[in-house]
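The structure under discussion appears below in the form of structure tokens.
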Amino acid sequence: MAEKKRLSLCMVTCNDEKYLSDCLQNMKQVVDEIIIADIGSIDKTIDIAKQEGANVYQTKWNNDYSEVRNLCLEKAKGKWILFLQANETIATEQLKKLNILLDNPNVEGYLLYIDRRSENYRISSPVESLRLFRNRKEYRYKYKAFECIPDMYLASSIKDSGIRIIHNTDADFSRKIQLLNLLLQEDLNNHPEDSYLQYMYGIELLNQRRFEESIEYFQKARKNVANLDYLNNMESLGYLFAPHLYKCLSWSFISLQQYENAKEVLEEGVKRYPFYTDLLVLQGDIE
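Residue numbers (the numbering used here): 5 to 291.
This is the structure we're talking about:
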């Protein structure tokens, strides 16, 4: 029986010829296999992927990113999974950390920092993302957009990797964001009390400078997160995104010059998540 591979790089592609080759050449030195699920490329994406040695699976696009990511997980044979987008890379010196991370028997997943900022706003996507985790059948994605693995499976054994993902914004970024937001609204309509979806929709409103509306959704998510300990509501997915939720909510208040409200949110956030130094920085900005 062949020895199980150690690390599988998984990726969802669609017309990504511009960045794909650089990404795969960068990652080939540290991964044992490359799994790509393509959702309808009409450019050279598939040819490039095959030339770089990737296993390519062409699949129908059903407006569901979790469905496609879970296809990658079904095909991957590595003990660990690393998810990247075609327009993302990791610096060579940081790739050296991977072997050490994968050797830790007490960790199920790692958060990677995504170096991606909006050109116009200081708050954009979540600061850290669960991109590296063990390949287990119970770890599967949910939601059509901004897909995630429920924290109920991973929260107690997730660590910070210290690895930074470099994200290159392409010309097609606005169209992709529009699609994600449409799918997010559909998810939210189906799960109106889900705190993770409330948080993600709040970020979208914040980036549109609709601050009062963003506060409404952040406050709903904050209330659910605060009740996690009492309700044991693991499906609320409060563990990973909660520190960034407090940052976004405080920034919405700051943008409206409601500094006392922002200070109250930051004080609670620092008390709950003292390791998240971004909250301390915002406190300093207010002072």
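Even for Gly, the Cβ is constructed at its ideal location relative to N, Cα and C.
Am I right that R144 and N74 are in contact with their C-beta atoms under 8 Å? What's the rounded C-beta distance?
In the sequence shown, the residue the question calls residue 144 occupies position 140. In the sequence shown, the residue the question calls residue 74 occupies position 70. Indeed, because the Cβ distance is near 5 Å, the residues count as touching under 8 Å.
Can D47 and N67 be called in contact, C-beta distance under 8 Å?
Numbered from its first residue, the sequence shown carries residue 47 at position 43. Numbered from its first residue, the sequence shown carries residue 67 at position 63. For D47 and N67, no; Cβs fall outside 8 Å.
Measuring alpha carbon to alpha carbon, tell me which of N91, Y147, E132 ends up nearest D26.
Counted from its first residue, the sequence shown places residue 26 at position 22. The candidate whose alpha carbon is nearest that of D26 is N91.
Pick from S45, D51, D119: whose alpha carbon is nearest that of L88?
Here residue 88 refers to the residue found at position 84 when the sequence shown is read from its first residue. The shortest C-alpha to C-alpha distance from L88 to any of S45, D51, D119 is the one to D119.
Which residues DSSP lists as bridging W2, in chain order
Lying before the first or after the last residue shown, residue 2 is absent from the chain, which here runs from 5 to 291.
P109 to E216, Cα distance in whole Å?
In the sequence shown, the residue the question calls residue 109 occupies position 105. In the sequence shown, the residue the question calls residue 216 occupies position 212. Using only the alpha carbons, I get a separation of about 45 Å.
R135: buried (16+ other C-beta within 10 angstroms of its C-beta) or exposed?
As a working mapping, residue 135 is identified with position 131 in the sequence shown. Flag for R135 reads buried.
Among L210, L102, K100, which one has its Cα closest to the Cα of L260?
Reading the sequence shown from its first residue, position 256 is the one you call residue 260. Checking every option, the nearest Cα to that of L260 belongs to L210.
One question on the structure: do L116 and I169 come within less than 8 Å of each other, judged by their Cβ atoms?
Here the question's residue 116 lines up with position 112 in the sequence shown. Here the question's residue 169 lines up with position 165 in the sequence shown. In this structure, I169 lies closer than 8 Å to L116 by Cβ.
Find out if the Cβ-Cβ distance for the pair F222, L270 is shorter than 8 Å.
For the purposes of this step, residue 222 is taken as residue 218 along the sequence shown, with counting starting at 1. For the purposes of this step, residue 270 is taken as residue 266 along the sequence shown, with counting starting at 1. In this structure, L270 does not lie closer than 8 Å to F222 by Cβ.
Measuring alpha carbon to alpha carbon, tell me which residue in Q98, N193, Y147 is nearest V34.
Position 30 of the sequence shown, counted from the first residue, corresponds to residue 34. Ranking the options by Cα distance to V34, first place goes to Q98.
In terms of residues, what are the limits of the alpha helix (DSSP H) holding T370?
Outside the shown range of the chain (5 to 291) lies residue 370, about which nothing can therefore be said.
Closest by C-alpha distance to T96, when choosing among Q212, C76, Q29, Q287
Translated into positions along the sequence shown, residue 96 becomes position 92. It is Q29 whose Cα lies nearest to the Cα of T96.
So, at 7 Å on beta carbons, what are the nonlocal neighbours of A266 in its own chain, with the 5 sequence-adjacent residues on each side left out?
The residue you call residue 266 lines up with position 262 of the sequence shown. Excluding positions up to five away in sequence, the list reads S254, F257, I258, I290.
What are the boundary residues of the alpha helix (DSSP H) that includes E220?
Along the sequence shown, read from residue 1 onward, the residue named residue 220 stands at position 216. Following the DSSP letters along the chain, one finds E220 inside the alpha helix (DSSP H) bounded by residues 215 to 230.
Taking the beta carbon of V72 as the centre, do at least 16 other beta carbons fall within 10 Å, making it buried, or is it exposed?
The sequence position of residue 72 within the sequence shown is 68, counting from 1. That one is buried.
Is it true that the CB of L105 sits closer than 8 Å to the CB of S12?
Your numbering for residue 12 matches position 8 in the sequence shown. Your numbering for residue 105 matches position 101 in the sequence shown. No; because the gap between Cβ atoms is not below 8 Å, this pair is not in contact.
In this structure, does DSSP put V16 in helix, strand or coil?
To locate residue 16, count along the sequence shown from 1; it is residue 12. Strand, per DSSP.
Span separating the alpha-carbon of R214 from that of Q189:
Residue 214 sits at position 210 when you count from the first residue of the sequence shown. Residue 189 sits at position 185 when you count from the first residue of the sequence shown. About 16 Å.
According to the Cβ coordinates, are D191 and K224 closer than 8 Å?
Within the sequence shown, numbered from 1, the residue matching residue 191 stands at position 187. Within the sequence shown, numbered from 1, the residue matching residue 224 stands at position 220. Result no, Cβ atoms of D191 and K224 do not sit closer than 8 Å.
Which listed residue (W65, I43, I39) has its alpha carbon closest to that of E56:
Position 52 of the sequence shown, counted from the first residue, corresponds to residue 56. Nearest option by C-alpha distance: I39.
Can you look up H248 in the DSSP assignment and give me helix, strand or coil?
Position 244 of the sequence shown, counted from the start, is the residue given in the question as residue 248. Here H248 sits in helix by DSSP.
Cβ of K54 within 8 Å of Cβ of D36?
Along the sequence shown, read from residue 1 onward, the residue named residue 54 stands at position 50. Along the sequence shown, read from residue 1 onward, the residue named residue 36 stands at position 32. The answer is no: Cβ separation not under 8 Å.
Would E78 and T49 be called neighbours here (beta carbons separated by less than 8 Å)?
Mapped onto the sequence shown, residue 78 falls at position 74. Mapped onto the sequence shown, residue 49 falls at position 45. One thing to note: E78 has its Cβ no nearer than 8 Å to the Cβ of T49.
Among G288, E272, Y61, whose alpha-carbon lies nearest the alpha-carbon of P247?
By 1-based counting over the sequence shown, the position of residue 247 is 243. P247 has its Cα closest to that of E272, out of G288, E272, Y61.
Let me make sure I understand the geometry here. Which of T63, S199, Y205 has the alpha-carbon closest to that of L186?
Counting from one through the sequence shown, the residue named residue 186 turns up at place 182. Nearest of T63, S199, Y205 to L186, Cα basis: Y205.
Residue closest to Q202, alpha-carbon to alpha-carbon, out of L249, L184, Q182:
Locating residue 202 in the sequence shown gives position 198, where the first residue counts as 1. With distances taken between Cα atoms, Q202 lies closest to L249.
Are the CB atoms of F245 and Y280 nearer to each other than 8 Å?
Translated into positions along the sequence shown, residue 245 becomes position 241. Translated into positions along the sequence shown, residue 280 becomes position 276. Their beta carbons are not under 8 Å apart, which means F245 does not touch Y280 by this criterion.
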